[in-house]
Amino acid sequence: MLRSQEEAMAPAKETAREKLIGAAVKVVRERGFNATSVDELCREAGVTKGAFFHHFPSKTDLGIAAAEAWKLHANELFGSAPYMAHEDPLDRFLGYLEFRRDMLAGEVSEFTCLAGTMVQESYETLPDLREACHDSIWGHALTLVPDIEAARARHGIGGDWTSESLALHTQAVLQGAFILAKASHGAAAARDSADHLIRYVRMLFNKPEKDA
Numbered sequence: 077m078l079r080s081q082e083e084a085m086a087p088a089k090e091t092a093r094e095k096l097i098g099a100a101v102k103v104v105r106e107r108g109f110n111a112t113s114v115d116e117l118c119r120e121a122g123v124t125k126g127a128f129f130h131h132f133p134s135k136t137d138l139g140i141a142a143a144e145a146w147k148l149h150a151n152e153l154f155g156s157a158p159y160m161a162h163e164d165p166l167d168r169f170l171g172y173l174e175f176r177r178d179m180l181a182g183e184v185s186e187f188t189c190l191a192g193t194m195v196q197e198s199y200e201t202l203p204d205l206r207e208a209c210h211d212s213i214w215g216h217a218l219t220l221v222p223d224i225e226a227a228r229a230r231h232g233i234g235g236d237w238t239s240e241s242l243a244l245h246t247q248a249v250l251q252g253a254f255i256l257a258k259a260s261h262g263a264a265a266a267r268d269s270a271d272h273l274i275r276y277v278r279m280l281f282n283k284p285e286k287d288a
């Protein structure tokens with residue numbers, strides 16, 4: 077069973093700064109950014125308010141640091157996932173999508189996206205936080221582009237679309253799936269969306285499921 081994201085992100089011995097970032101990852105996904113107070117973050121992290129303001133001038137600064145940590149964690153998690161061993165780049169891309177689908181299990185707050193959660197609340201009011209969330213979501217999407225490009229070349233897939241646009245589309249579907257999970261308070265609808273995304277990519281690359 078996959079560990080929760082915040083558990084996977086936690087180093088062996090955390091500093092106060094790292095504890096606060098881990099607390100933000102957990103509590104913001106449970107309650108939202110605006111509803112989470114500095115006091116709650118300090119309680120969750122087990123640090124004093126003085127320690128908080130020693131490391132972060134504001135809650136927004138902690139949110140920005142958490143978005144950056146989230147991006148680095150994603151790079152590490154997906155970069156070392158088992159599907160990366162596939163020789164065919166299309167199998168790696170499909171393996172990534174299947175891995176994302178399989179992560180849609182357990183408590184909703186454990187599998188939803190920190191950056192997606194924060195940007196929904198901050199895109200107009202906190203531009204620096206919005207930019208950090210953009211970097212996290214776009215940065216992750218762009219890691220998919222080399223395999224999509226290689227898969228198109230290997231399988232002879234043309235079309236008037238770009239590999240970057242498909243990579244971003246995968247994130248649009250997944251972020252939308254997280255919203256469905258929050259609205260329904262469960263993973264079933266999100267998993268259905270991920271399955272439809274996998275079917276779409278298979279059709280786009282002329283790779284029926286029987287050939288998997």
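This note's numbering puts the first residue of the sequence shown at 77, with every later residue one more than the last.
We put the beta carbon where it would ideally sit given N, CA and C, even for glycine.
Since this is a predicted model, take the numbers as computed values, not measurements.
- Counting along the chain, H231 sits inside the alpha helix (DSSP H) bounded by residues 221 to 231.
- Taken through DSSP and simplified to helix, strand or coil, N151 comes out as helix.
- If you check the CB distance, T188 and K135 do not come in under 8 Å.
- Residues of the same chain with a CB within less than 8 Å of the CB of H261, apart from the 5 flanking positions on each side, are V184 in chain order.
- Judged by beta-carbon spacing, P165 lies within the 8 Å limit of R230, meaning their Cβ atoms are closer than that value.
- In the structure shown, the three-state DSSP call for S134 is coil.
- Boundaries of the alpha helix (DSSP H) harbouring D271: 264 to 280, taken from the DSSP string.
- When the beta-carbon positions are compared, L138 and F129 stay at least 8 Å from each other.
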